[in-house]
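Have a look at the structure below, then the notes.
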């Protein structure tokens, strides 16, 4: 299991990296943490002709709070850094809660938030969490930059809105309003495994304690993050109760998702997990929202 | 296409010319002869090849040697830099002593990866609970021990390291 | 003797080397000019080979040689049949053994077709990608039940059938017993295939020295001596020209004893052709195809009982998956047959199996080696019987135990060592009682479980017993030498893969010679150090090699006493061996260090007297007349999340009887590790094949080994019933932890899911599978897929 030959470039500036990508197009592959890319290269499932190593580019790893309360995370920030960062814990607690579910410490020490988001693995945690958080991604190419909402970024199995010339350079997470709650949970065979099903939940209450807005975004039930929009709609304007959550979970599991089977989970079992996780995460999210 | 890299491993500076695709695990084992780092899967799942990159535990099978140019690495050999035939039990690193006392290894193949995972873990968390220990080593597979000896070894290692800390202030 | 070494939890001699990264594993061997090999392996499970185009690969810079079956000439031979079928009446056995490289046909995915030798493994893999094989695919036999269907595609055309073997063994008369029974229970059981997944993959370094005409091979084998003997024969060399070294090995568990793997046959031949060292290190993906596997069986079983739970008879008819070739004879299915009756006194037993070839990797023993299946069937049948009869599950087992005064106890059928299945010794009730006490059985089922169930928790308990036939022959040997330094060296032929032999065997010697364990250096697995032996398998290392070492150590002790009695002019009876010296009892002033005595026994002047030998050294052998039967009881408490079917193991208790214990720390490590593998087998690990015989999860991402946060801390105790079959009274323990976990887990989970009225008659039981089974039990269609 040795990778096929490739050319390696380690640009020391973003401009150089973007120029390499512009020059080589689909032949080139950016190397961030490499924790998904290198195994696929070792299996020779991926054989990029050119690797553009982003690890020597200064200024791509940071976490800072914008004046508007938005949290800005540089794409090359390692998972471990995000996991332990106090700003993240305070301003994006859903992300904070999710981080320990991502693989194992050795992987998190190397893997990056941008790499994981751009890789668009349908069973990865971060894309669904980013969609739930209404995160925005800053994409940069030689010709300029553009912003894409996380929900629009994901276009299919390992497929995103990124062109070969572009890099995802920053993730911006807006703050949640008052009276909001969140939860992340997943069912994996072993802690650290890709989940059979996972879900990120966010709820926002109105002043009367009714659900003003709900977001329920699954992983591992489709080709990318899957938003349970019908379930979310069914919550709108309603007072949360166990019965309601059971109904909503049923809608999510039956109508919102169309999972497929793999060796670890049948479609029916995935629906069951989706149902259970919806109930559990929504209950916790509502509890947190009410407690605010 | 080859690249010349400068890397410090266990305190020794090396300059080598490597092919871009050479995995760091192969570089350490076969180019530098540091065969204590073991390779069990080459896909980042087993943890046997765990080493320290600038003090942090990483899988050496998921890095290319060319990427560590200018960095500092520590491998299992670095835990006992002065080890030789005359060395005794007491010359082992406290984590190694604990592994031996608590039968934390059988075939020993996965062991270097566990040790290197634990060095930064115990530095960060000198008095871990059993749950934290089990989480910390959950990215390292062992097929022989059923982990109990390892968990007990980590508890003892934490104790030994805390005592060392007291002594050295 | 002042210090006891035997039976103590002494820390291991081998650990410093392993902990400091200094221990030599096969892939650590670096030789000047060494080449690297990689294989072209079949993409198909079953296909005719129409052509192999290596031309592009040959042109790749760095490629030194490429060989296909056609290049091997007369060297191309199917491997030997390692174990002949046992002498059982009317036994049918069709031989088909593996070949070095597939010639006209491939019979399982991953079967080697060509070998590339190049300047690096990287280049060798590049070349593999440039070799094009023209296949003519055939239907693959994946499911056991399909193998013998009239229209089944035939795997070995010369045999004209996919039947590997058919065996019937009988004790008493089951049909007559069933006719008299109050209750007969029949069930179907499925036990799926798994893989040992040792952390170190296999590997070989072979080097031919043309000047000394010596072949040296480092090999991750459990049986270096057998490999040497076989290779010498194949290569036309004297056994003295072949040195096989099994250095430190990263776990064996059975598959590393297969003989002869194609890689062993090829690398030794290639180094002689190219006159350069050649290394092949199996990668993890290859390991899922190229290393042998085990465990596929399908049973139709029934049990006949009286209404008070006495077992009158058992009938078991099963299919066994031999894989694509069957070099290991019938060891695995015979073990299944011979382990099924377990600790129970059953007068009537009918057991019949049909072993079939399939288009899957070769099956040879993996930890437990077929014993799991027998225990699974019997223990599950007892569970259902207990439920039907309203008898407590501990009680129904107790009622059927072989009584302690019935040993040696014969089951009248033939075991894997060709001897009748006779249990040497055993005492089963104390272990059961101890387990019940440790898990607080009565309290749990009467108080705790009802209380937790009332809280809505799904908790269950499992309780199973098992026996393990261990320590079979033929023999092992050892040489013990007191060196002039006072250190003692011990050489034995078996390989070691983490069992602590460097320490436990040293303890056996220390006990006789009074030399501290750390001053005893053991050499195992190097054919130049010890010539004779069989290998490490069937939980036999401690029993067979341990007793051989004991015998040699006893002989050296006698030499020491004789020599010292001569030197000190006292009767040998009046001497003692303490801390590396021999002295008159209680008179330290008289002490002669053993090193000094060794020097005097090997003088530079003065002849060795007729009938005596120089030095303080002895070689001896041990061959047991038959295997020793270890036994044990496991109990487990689980909690199941009925919504996700995730299972948490709350407690796991083991009481084990493996006779005399050499080193309890090492023993407990073996059992704890075995339990982890048993749990992996029962809950986490499964090889998923598609209908074409393709393995869908050949990686550690999808073949799930238990991790630190999934394996429980096993609470352990021991009962000691020494074996009368060897001087040390030892029984083997290597496989004990793994054997009974499947029925234990199934029983506990079933108990936890009692509301769902589901029966768990298959292994493995993933959460997904549990969900499906519960859905089926409720009559729902859980089959959307």
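Residue numbers (the numbering used here), protein chains in the order written: chain A, 1 to 292; chain B, 293 to 461; chain C, 462 to 1246. Even for Gly, the Cβ is constructed at its ideal location relative to N, Cα and C. Since this is a predicted model, take the numbers as computed values, not measurements.
When DSSP labels each residue in this structure, what does residue 762 (chain C) get in the three-state scheme? As a first step, residue 762 (chain C) is located in the third chain; it is residue number 301 there, counting from the start. It is a strand residue.
Within the chosen definition, does the region 256-276 of chain A reach the region 206-223 of chain A through at least 3 CB pairs nearer than 8 Å? Yes, the region 256-276 of chain A touches the region 206-223 of chain A.
So is residue 76 (chain A) in contact with chain C if we call contact Cβ pairs under 8 Å? What you label residue 76 (chain A) is simply residue 76 of the first chain in a count that begins at 1. So, not an interface residue.
9 Å Cβ cut-off: residues of chain C touching residue 338 (chain B): Numbered from its first residue, the second chain carries residue 338 (chain B) at position 46. Result: 660, 745, 1161, 1166.
heavy atom of the ligand FMN below 7 Å from residue 891 (chain C) C-beta: As far as ligands go, the structure on display features none, and thus does not contain the ligand FMN.
Along chain B, which residues have their Cβ under 8 Å away from the Cβ of residue 1207 (chain C)? Reading the third chain from its first residue, position 746 is the one you call residue 1207 (chain C). Those within 8 Å of residue 1207 (chain C) in chain B number zero; the least Cβ separation is about 20 Å.
Using Cβ-Cβ distances below 7 Å, what residues of the region 1120-1151 of chain C are close to chain A? For the region 1120-1151 of chain C, which is checked against every Cβ of chain A, the residues closer than 7 Å are 1145, 1149.
Contacting residues, own chain, Cβ-Cβ under 6 Å from residue 255 (chain A) (five flanking each side not counted): Along the first chain, one-based indexing puts residue 255 (chain A) at 255. Non-local beta-carbon contacts of residue 255 (chain A) in its own chain, meaning distances under 6 Å to residues more than five positions away in sequence, involve 230 in chain order.
Name the residues in the region 1207-1236 of chain C whose C-beta lies less than 8 Å from a C-beta of chain A; which are they? Under the 8 Å Cβ criterion, the region 1207-1236 of chain C contributes 1227, 1228, 1229, 1232, 1233, 1236.
Secondary structure at residue 501 (chain C), three-state DSSP: helix, strand or coil? Position 40 of the third chain holds residue 501 (chain C). Under the three-state reduction of DSSP, residue 501 (chain C) is assigned to strand.
Using the Cα positions of residue 573 (chain C) and residue 555 (chain C), report the straight-line distance between them to the nearest angstrom. If you number the third chain from 1, residue 573 (chain C) lands on position 112. If you number the third chain from 1, residue 555 (chain C) lands on position 94. Between the alpha carbons of residue 573 (chain C) and residue 555 (chain C) lies a gap of roughly 23 Å.
Decide if residue 717 (chain C) is buried, meaning its Cβ has at least 16 other Cβ atoms within 10 Å, or exposed. Residue mapping note: residue 717 (chain C) aligns to position 256 of the third chain, counting from 1. Residue 717 (chain C) should be labelled buried.
I'd like the list of long-range same chain contacts for residue 1062 (chain C), defined as Cβ closer than 7 Å, with 5 residues on each side in sequence excluded. Here residue 1062 (chain C) refers to the residue found at position 601 when the third chain is read from its first residue. So the list reads 1024, 1075, 1076, 1077, once near-sequence residues are dropped.
Report the three-state DSSP secondary structure of residue 441 (chain B) (helix, strand or coil). By one-based count along the second chain, residue 441 (chain B) stands at place 149. Helix.
Reduced DSSP category for residue 848 (chain C) - H, G, I as helix; E, B as strand; rest coil: Taking the third chain and counting its residues from 1, the one referred to as residue 848 (chain C) is at position 387. The DSSP-derived three-state label of residue 848 (chain C) is helix.
Counting beta carbon pairs with one atom in the region 743-750 of chain C and one in the region 561-575 of chain C, are three or more of them shorter than 8 Å? Yes: the two stretches touch, three or more of their Cβ pairs being nearer than 8 Å.
On the CB-based measure, 16 or more other CB atoms within 10 Å of its CB, does residue 1187 (chain C) come out buried or exposed? As a working note, residue 1187 (chain C) is residue 726 in the third chain. Classification for residue 1187 (chain C): buried.
Check whether chain C comes within 8 Å of residue 420 (chain B), counting only Cβ atoms and requiring the distance to be less than that. Sequence index remark: in the second chain, residue 420 (chain B) carries index 128 (1-based). No, residue 420 (chain B) lies away from the interface with chain C (no Cβ there is under 8 Å from its Cβ).
By DSSP, does residue 175 (chain A) sit in helix, in strand, or in coil? Looking up residue 175 (chain A) in the first chain gives position 175. DSSP, read as helix, strand or coil, puts residue 175 (chain A) in coil.
Locate the alpha helix (DSSP H) running through residue 7 (chain A), then write down its first and last residues. Counted from its first residue, the first chain places residue 7 (chain A) at position 7. Unbroken run through residue 7 (chain A) is the beta strand (DSSP E), 7-9; no alpha helix (DSSP H).
Alpha-carbon spacing of residue 430 (chain B) relative to residue 1037 (chain C), whole angstroms: Numbered from 1 along the second chain, position 138 holds the residue referred to as residue 430 (chain B). Numbered from 1 along the third chain, position 576 holds the residue referred to as residue 1037 (chain C). C-alpha separation (whole angstroms): 50 Å.
Identity of the residue in C:1029, C:780, C:830, C:1237 nearest residue 812 (chain C) by Cα: Within the third chain, the letter at position 351 stands for residue 812 (chain C). Per the Cα distances, C:780.
DSSP three-state call for residue 375 (chain B): helix, strand or coil? Reading the second chain from its first residue, position 83 is the one you call residue 375 (chain B). It is coil, neither helix nor strand.
Interface residues of chain A facing residue 349 (chain B) [CB-CB closer than 7 Å]: On the second chain, residue 349 (chain B) is found 57 positions in, with the first residue counted as 1. Annotation: Cβ neighbours of residue 349 (chain B) in chain A (cutoff 7 Å, chain order): 105, 106, 109.
Residue 834 (chain C), DSSP secondary structure in three states: Position 373 of the third chain, counting from 1, holds the residue named residue 834 (chain C). If DSSP states are grouped into helix, strand and coil, residue 834 (chain C) belongs with the helices.
Excluding sequence positions up to five away, which residues of its chain have a Cβ less than 6 Å from the Cβ of residue 1183 (chain C)? For this step, residue 1183 (chain C) is matched to residue 722 along the third chain. Excluding sequence neighbours, residue 1183 (chain C) sits near 1120, 1121, 1190.
Can you list, in chain order, the residues of the region 508-525 of chain C whose Cβ is nearer than 9 Å to any Cβ on chain B? Flagged: no residues at all.
Does any C-beta atom of chain A lie closer than 8 Å to the C-beta of residue 377 (chain B)? Looking up residue 377 (chain B) in the second chain gives position 85. No, its Cβ sits nowhere closer than 8 Å to a Cβ of chain A.
Inter-residue Cα distance where the pair is residue 1243 (chain C) and residue 1105 (chain C): In the third chain, residue 1243 (chain C) corresponds to position 782, counting from 1. In the third chain, residue 1105 (chain C) corresponds to position 644, counting from 1. Because the pLDDT at residue 1243 (chain C) is just 44, under 50, the model does not fix this residue reliably, and the value given afterwards should be weighed accordingly. Computed Cα separation, rounded: 14 Å.
Excluding the 5 residues preceding and the 5 following residue 1205 (chain C) in the sequence, name in chain order all residues of the same chain whose CB lies nearer than 6 Å to its CB. As a first step, residue 1205 (chain C) is located in the third chain; it is residue number 744 there, counting from the start. For residue 1205 (chain C), where only same-chain residues beyond five positions count, the Cβ hits under 6 Å are 923, 925, 1095, 1097.
The region 539-560 of chain C: which residues have C-beta closer than 9 Å to a C-beta of chain B, in chain order? Listed by position along the chain: nothing, the set is empty.
Pick out whichever of C:612, C:756, C:1179 has its Cα sitting closest to the Cα of residue 602 (chain C). For this step, residue 602 (chain C) is matched to residue 141 along the third chain. Among C:612, C:756, C:1179, the Cα nearest to that of residue 602 (chain C) belongs to C:612.
Contacts of residue 958 (chain C) in chain B (Cβ-Cβ under 7 Å): Within the third chain, residue 958 (chain C) is the residue found at index 497, counting from 1. Result: 399.
Any chain C beta carbon closer than 8 Å to residue 266 (chain A): Taking the first residue of the first chain as 1, we reach residue 266 (chain A) at position 266. With 8 Å as the cut-off, residue 266 (chain A) counts as an interface residue toward chain C.
Three-way DSSP call (helix, strand, coil) for residue 91 (chain A) in this model: In the first chain, the residue the question calls residue 91 (chain A) occupies position 91. In the three-state reduction of the DSSP assignment, residue 91 (chain A) falls in the helix class.
At the level of alpha carbons, what is the spacing between residue 154 (chain A) and residue 114 (chain A)? Your numbering for residue 154 (chain A) matches position 154 in the first chain. Your numbering for residue 114 (chain A) matches position 114 in the first chain. In this structure, the alpha-carbon of residue 154 (chain A) lies about 13 Å from that of residue 114 (chain A).
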